[in-house]
């Protein structure tokens, strides 16, 4: 399980040297996007022999029978790299299905270290990391979204849990609007965008203070968190 | 926010080169444990000038007034490294309080990439990473622990959420016993121990299959997850 960059150009910022060495030693890959996988491998090793490699692309709809076929080289002793389009594979991408089938076939799974916008946001938020939830993408419908945000807020006040969530970048400003209009003045919100890449911003403020200091989040990869100050 | 190893000896396995360069360029540190912080810095740079550095140790009981004092160099233009005893600072350690005070003083917080047993377990579990919760340490009392485990199980069946949790290493075998005795045969459990260090094991099996394949978890740093196969 090989993490990739979150969109940044400098691999040494986010991928440990020995993870890079493992990744570029492989010749079999199961990836979310072949183009970005190749670009990542060449960024780590300009001489990386892409033509000697086998790449299989998977998405949400890839059937188990196809994945069984893709993991066959592991049964013959080859290591296979699983890569997501960005960040850690298996966390919010089809890589998890590969892990499940590997487990069934008794193939050893080795998760490697790399960047996760969830973890980085948690580290930079000042909120509790003893109890936290990541809820993925918010509901598309505005009423449902507001309901979800209010649920996170109420749960944070009740339990102290940290709630992390995100949305597609083109809806970020709608999410921000809902957070600032619908939540209590004193509720603490962390907003992180462009993590590990140029223009990184991460800040925790109360709803009241965010109203006067809002970032421009339009089209930027952004993670939100509601939590309790530690 | 500077991650450290999870106990492994090879820094290049888990810390990106540029994170190491940032860490060893600093001279002010706020750390959970001075001894292990110094050892980590020397592991990255054998010539690291420890005697030129200022280390402040913090724990759960450190008062805000002391932390204000520790972060003062940042107001004078110095960068300060925050390090946990192991893994990512600010996630389940007093580092979060430093972030909160830094935010209040308008000091920029920069979370850096490193190993997290939570994320690595999620990556290697084959469970959903779209919705997951980390609940920290389980309750000490056996009845409360079993209630928590059954709650995770029921929630996973109901929502598909992945539940990650841990316990102090000397109680690992009690947790395993409770998981295998109290949960349904078909419930899927991931157990990860010694992540990123010698003897790493990570495996996802049903309760029924775990009964015949249990690891020896005694005294090993271990993460547990209950989830739905993807």
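Chains as they are written, first to last, in my numbering: chain R, -18 to 211; chain U, -18 to 211. The C-beta atom is built at its ideal place from N, Cα and C for all residues, glycine as well. If you're wondering where the values come from, they're calculated on a predicted model, not measured in any experiment.
Alpha carbon to alpha carbon, how far is residue i from residue j?
i, j, result
"residue 59 of chain U", "residue 82 of chain U", "16 Å"
"residue 90 of chain R", "residue 142 of chain U", "21 Å"
"residue -1 of chain R", "residue 165 of chain R", "46 Å"
"residue 174 of chain U", "residue 134 of chain R", "34 Å"
"residue -15 of chain U", "residue 18 of chain R", "28 Å"
"residue 167 of chain R", "residue 197 of chain U", "47 Å"
"residue 23 of chain U", "residue 199 of chain R", "42 Å"
"residue -6 of chain U", "residue 53 of chain U", "33 Å"
"residue 124 of chain U", "residue 177 of chain R", "43 Å"
"residue 158 of chain R", "residue 187 of chain U", "44 Å"
"residue 109 of chain U", "residue 9 of chain U", "39 Å"
"residue 179 of chain U", "residue 49 of chain R", "29 Å"
"residue 45 of chain U", "residue 4 of chain U", "24 Å"
"residue 107 of chain R", "residue 211 of chain R", "6 Å"
"residue 34 of chain R", "residue 207 of chain R", "44 Å"
"residue 189 of chain R", "residue 181 of chain R", "23 Å"
"residue 77 of chain U", "residue 105 of chain R", "8 Å"
"residue 41 of chain U", "residue 13 of chain U", "9 Å"
"residue 184 of chain U", "residue 43 of chain R", "23 Å"
"residue 193 of chain R", "residue 160 of chain R", "13 Å"
"residue 139 of chain R", "residue 20 of chain R", "46 Å"
"residue 101 of chain R", "residue 111 of chain R", "15 Å"
"residue 66 of chain U", "residue -13 of chain R", "26 Å"
"residue 214 of chain U", "residue 84 of chain U", "This structure does not reach residue 214 of chain U, given that chain U is present from -18 up to 211, and the question cannot be answered."
"residue -3 of chain R", "residue 103 of chain R", "20 Å"
"residue 27 of chain R", "residue 113 of chain R", "40 Å"
Counting only the same chain and skipping the five closest in sequence on each side, list residues whose C-beta sits under 8 Å from that of residue i.
i, result
"residue 117 of chain R", "73, 146 and 147"
"residue 99 of chain U", "72, 115, 145 and 204"
"residue 151 of chain R", "199 and 200"
"residue 163 of chain R", "127, 130 and 131"
"residue 56 of chain R", "86 and 88"
"residue -11 of chain U", "-5, 177, 178 and 179"
"residue 122 of chain U", "none"
"residue 97 of chain R", "-16, 68, 69 and 72"
"residue 195 of chain R", "157 and 161"
For a test of the three-state rule: what should DSSP assign to residue i, helix, strand or coil?
i, result
"residue 244 of chain U", "No information on residue 244 of chain U is available, as it lies outside the stretch -18 to 211 that chain U covers here."
"residue 98 of chain U", "helix"
"residue -3 of chain U", "strand"
"residue 62 of chain R", "strand"
"residue 72 of chain R", "coil"
"residue 38 of chain R", "strand"
"residue 184 of chain U", "strand"
"residue 205 of chain U", "strand"
"residue 67 of chain R", "coil"
"residue 149 of chain R", "coil"
"residue 31 of chain R", "helix"
"residue 90 of chain U", "coil"
Closest by CA to residue i, which one among the options?
i, options, result
"residue 68 of chain R", "U/77, U/95, U/66 and U/86", "U/95"
"residue 6 of chain U", "U/-17, U/52 and U/87", "U/-17"
"residue 144 of chain U", "U/170, U/52, U/156 and U/44", "U/170"
"residue 2 of chain U", "U/70, U/150 and U/29", "U/29"
"residue 137 of chain U", "U/150, U/78 and U/209", "U/209"
"residue 155 of chain R", "R/126, R/106 and R/179", "R/126"
"residue 172 of chain U", "U/179, U/33, U/49 and U/191", "U/191"
"residue 149 of chain U", "U/140, U/139, U/120 and U/160", "U/120"
"residue -8 of chain R", "R/13, R/84 and R/25", "R/25"
Just to make sure I have the definition right: I need the residues of chain R whose C-beta is within less than 9 Å of the C-beta of residue i. Which are they?
i, result
"residue 69 of chain U", "100, 101, 103, 104 and 110"
"residue 90 of chain U", "104, 105, 106, 107, 183, 184 and 185"
"residue 12 of chain U", "By Cβ distance, chain R contributes nothing, its closest Cβ being about 15 Å from residue 12 of chain U, past 9 Å."
Using a Cβ-Cβ cutoff of less than 6 Å, which residues in the same chain neighbour residue i once the five nearest sequence positions on both sides are dropped?
i, result
"residue 15 of chain R", "36 and 38"
"residue 153 of chain U", "198 and 203"
"residue 31 of chain R", "19"
"residue 70 of chain R", "-18, 63, 64 and 76"
Leaving out five residues before and five after residue i in sequence, what residues of the same chain have Cβ atoms less than 7 Å from its Cβ?
i, result
"residue 11 of chain R", "37, 39, 51, 61, 63 and 79"
"residue 92 of chain R", "-18"
So residue i contacts chain U; which residues on that side make the cut at Cβ distance below 7 Å?
i, result
"residue 210 of chain R", "81"
"residue 117 of chain R", "111 and 112"
"residue 78 of chain R", "211"
Taking Cβ-Cβ distances shorter than 8 Å, what residues in chain U pair up with residue i?
i, result
"residue 170 of chain R", "What residue 170 of chain R touches in chain U: nothing, since even the nearest Cβ is about 11 Å away."
"residue 84 of chain R", "107, 184, 185 and 186"
"residue 15 of chain R", "What residue 15 of chain R touches in chain U: nothing, since even the nearest Cβ is about 21 Å away."
"residue 46 of chain R", "Within 8 Å Cβ-Cβ: nothing; residue 46 of chain R doesn't reach chain U, min ~16 Å."
Quick one: list the residues of chain R neighbouring residue i, beta-carbon separation under 7 Å, in chain order.
i, result
"residue -2 of chain U", "-7 and -2"
"residue -18 of chain U", "104 and 105"
"residue 73 of chain U", "110 and 111"
Going along chain R, which residues have a C-beta under 8 Å from residue i?
i, result
"residue 177 of chain U", "94"
"residue 206 of chain U", "In chain order: nothing, as chain R lies at least about 12 Å away."
Just to confirm, does residue i get its C-beta within under 7 Å of one of the non-hydrogen atoms of the ligand MN?
i, result
"residue 193 of chain U", "For the ligand MN, the structure offers nothing, since it holds no ligand at all."
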